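Mapped onto the working numbering, the consecutive letters of the sequence shown carry residue numbers 2 to 420.
Just so you know, even glycine gets a beta-carbon here, dropped at the ideal spot from N, CA and C.
Keep in mind the model is a prediction, meaning the values are calculated, not measured.
Report on one structure; see the data block that follows.
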Amino acid sequence: MSRVIIIGCGGVAQVAIHKCCMHSEVFTDLCIASRTKSKCDKLKEKLQPKTKTNITTAQVDANDYDALVKLFKEFKPEIVMHLGMPYHNLVIMDACLECNSHYLDTAAYEPEDVSEPVWRKRYEERRKEKGFSAYFDYAYQWEYMEKFREKGLIALLGCGFDPGVTQGYVAYAKKHEFDTIETLDILDCNGGDHGYPFATNFNSEINLREVSSPASYYENGHWIEIPAMSVKHEYYFDGVGKKDMYLLHHEEIESIAKNFPEIKRMRFYMTFGESYIRHMNCLEDVGMLSTKPIMYEGKEIVPIQFLKALLPDPATLGARTIGKTNIGCIFTGYKDGKWKKYYIYNMCDHQESYKEVESQAVSYTTGVPAMCGAMLILNGTWKDSGVHTVEEYDPDPFIDLLNKNGLPITESYEPIMVD
Ligand code: NDP
Numbered sequence: 002m003s004r005v006i007i008i009g010c011g012g013v014a015q016v017a018i019h020k021c022c023m024h025s026e027v028f029t030d031l032c033i034a035s036r037t038k039s040k041c042d043k044l045k046e047k048l049q050p051k052t053k054t055n056i057t058t059a060q061v062d063a064n065d066y067d068a069l070v071k072l073f074k075e076f077k078p079e080i081v082m083h084l085g086m087p088y089h090n091l092v093i094m095d096a097c098l099e100c101n102s103h104y105l106d107t108a109a110y111e112p113e114d115v116s117e118p119v120w121r122k123r124y125e126e127r128r129k130e131k132g133f134s135a136y137f138d139y140a141y142q143w144e145y146m147e148k149f150r151e152k153g154l155i156a157l158l159g160c161g162f163d164p165g166v167t168q169g170y171v172a173y174a175k176k177h178e179f180d181t182i183e184t185l186d187i188l189d190c191n192g193g194d195h196g197y198p199f200a201t202n203f204n205s206e207i208n209l210r211e212v213s214s215p216a217s218y219y220e221n222g223h224w225i226e227i228p229a230m231s232v233k234h235e236y237y238f239d240g241v242g243k244k245d246m247y248l249l250h251h252e253e254i255e256s257i258a259k260n261f262p263e264i265k266r267m268r269f270y271m272t273f274g275e276s277y278i279r280h281m282n283c284l285e286d287v288g289m290l291s292t293k294p295i296m297y298e299g300k301e302i303v304p305i306q307f308l309k310a311l312l313p314d315p316a317t318l319g320a321r322t323i324g325k326t327n328i329g330c331i332f333t334g335y336k337d338g339k340w341k342k343y344y345i346y347n348m349c350d351h352q353e354s355y356k357e358v359e360s361q362a363v364s365y366t367t368g369v370p371a372m373c374g375a376m377l378i379l380n381g382t383w384k385d386s387g388v389h390t391v392e393e394y395d396p397d398p399f400i401d402l403l404n405k406n407g408l409p410i411t412e413s414y415e416p417i418m419v420d
């Protein structure tokens, strides 16, 4: 019997909510709390007749600590699954501590206003010290370690696919395939087509911030930063075919570097079509990706937020998206003194996801791991308190749950290497 609050009711949250409702024996009472309550009510109306999970809904501003504490004190959740915006990670973690709830999210903290002076000063120091300039990083949330430990609570960070499952794959590879891992390439391919000239498959503000920031990879204990989209490879993805993929900075490399210091080189690649890149470059050139507020007809607007309002809502792409995603990790390293390669990945079909939960596969591949991670915390399988990422827990029960809940693994011992 578990009481759970899900914050947000967008693309990812809607999948997680569907999936929790398929496991009513664990998720007995679920409160969907978001900025726009009508979205929560609409989903409740659809799901309640088909599930034994008792669903309630609430309006909440995830930026408002007092409102969060009031909601958590009333509902008494064992875990809060934060599937909204990463801007609110810290305030929700604070409210969880106040109300003795576990915490889970799917993206590392970044501030909404990147010109805020206190944050900016620390960011510039980190940029110089660590050598990467993405706005997101785990440092802010790792600082909560002792507070969560003292209360015997877990904060599970980044429990989507990437970050999330990719870290589970690293722990799984280390447990079953390698004595030492030498290199890791994470490959994220979305071979889906939604038919729009330009749309993002998850929150457009976060997506465009991530993709347009300088890329970086990790080698021999250091980050090496390069211009955005400056490294491109063509790769043949199982279930998808040939795609162009580009090197990006990605947050899980930061935690994997901390937890698996033996890995000498780590890179993250994501596929993009030409149309996406052309549109993104143009939008960047005209200032539409800026997070800095500007005055327009006497009103302050943030260009990237205005753009988000113009673009299709990722939660509505499901019906029209066809094709598959293929996301996984290629490793090299040693087992019993012998050098080997190993590739573990998942393929997910957009239309199959839509048939099951009315969402496209990018939301599906994020919402399902979030449900699985919450389940492992609630049933006591993952119990080490404190602030953790997925690779710090036993990967076997996680991979097992993913296999049974729509994200099965495929393994290869002769993968095509990136280069
Ligand atoms: P959406 O934009 O579809 O949904 C965001 C939700 O958060 C909306 O329901 C929105 O409400 C709600 N929200 C926004 N601001 C507030 C607020 N102040 N108070 C309360 N609720 C708020 O995003 P996605 O579902 O696509 O993405 C969700 C998260 O998952 C993001 O952090 C994204 O980066 C992450 N992600 C992680 C991936 C992974 O593999 N790890 C992959 C894809 C996404 P409203 O309806 O009013 O707009």
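Among all the DSSP beta bridges, which residues are the ones paired with L377? L377 is not bridged to any residue.
Note down, one range per segment and in chain order, each alpha helix (DSSP H) of at least 4 residues found wholly within the region 236 to 272. 253 to 260
Mark W340 as exposed unless 16 or more other C-beta atoms lie within 10 angstroms of its C-beta, in which case mark it buried. exposed
Quick one: does the C-beta of G12 sit closer than 6 angstroms to a heavy atom of the ligand NDP? yes
State yes or no: is the C-beta of L185 within less than 7 angstroms of the C-beta of C330? yes
Quick one: any contact between the region 141 to 161 and the region 382 to 391, if contact means 3 or more CB pairs under 8 angstroms? yes
Segment limits, alpha helix (DSSP H) that includes K77: Unbroken run through K77: none, as it is neither H nor E.
Assign S427 to buried or exposed, taking buried as 16 or more other Cβ atoms, counted over all protein chains shown, within 10 Å of its Cβ. Residue 427 lies beyond the residue range present for the chain, which begins at 2 and ends at 420; the question has no answer from this structure.
Comparing alpha-carbon positions, which option in G85, D95 and M418 lies nearest G268? Correcting the residue type first, residue 268 is Arg in the shown sequence and not Gly. Out of G85, D95 and M418, M418 has the C-alpha closest to the C-alpha of R268.
Give the straight-line distance between the Cα atoms of S205 and E393, rounded to the nearest whole angstrom. 30 angstroms
Going by DSSP, what residue range makes up the alpha helix (DSSP H) through A17? G12 to C22
Write down the C-beta distance between E226 and G132 rounded to the nearest angstrom, noting that I regard them as a contact closer than 8 angstroms. 6 angstroms
Between which two residues does the alpha helix (DSSP H) containing V287 stretch? Neither: V287 is in no alpha helix (DSSP H) and is coded neither H nor E.
Just to confirm, is the Cβ distance from T390 to Q168 under 7 angstroms? yes
Here's the rule I'm using: 16 or more other beta-carbon atoms within 10 Å means buried, otherwise exposed. How should G222 be labelled? exposed
Please report the distance separating the alpha-carbon of K74 from that of C100. 6 angstroms
On the premise that M289 lies in contact with I305, defined as a C-beta separation below 8 angstroms, what is that separation, rounded to the nearest angstrom? 7 angstroms
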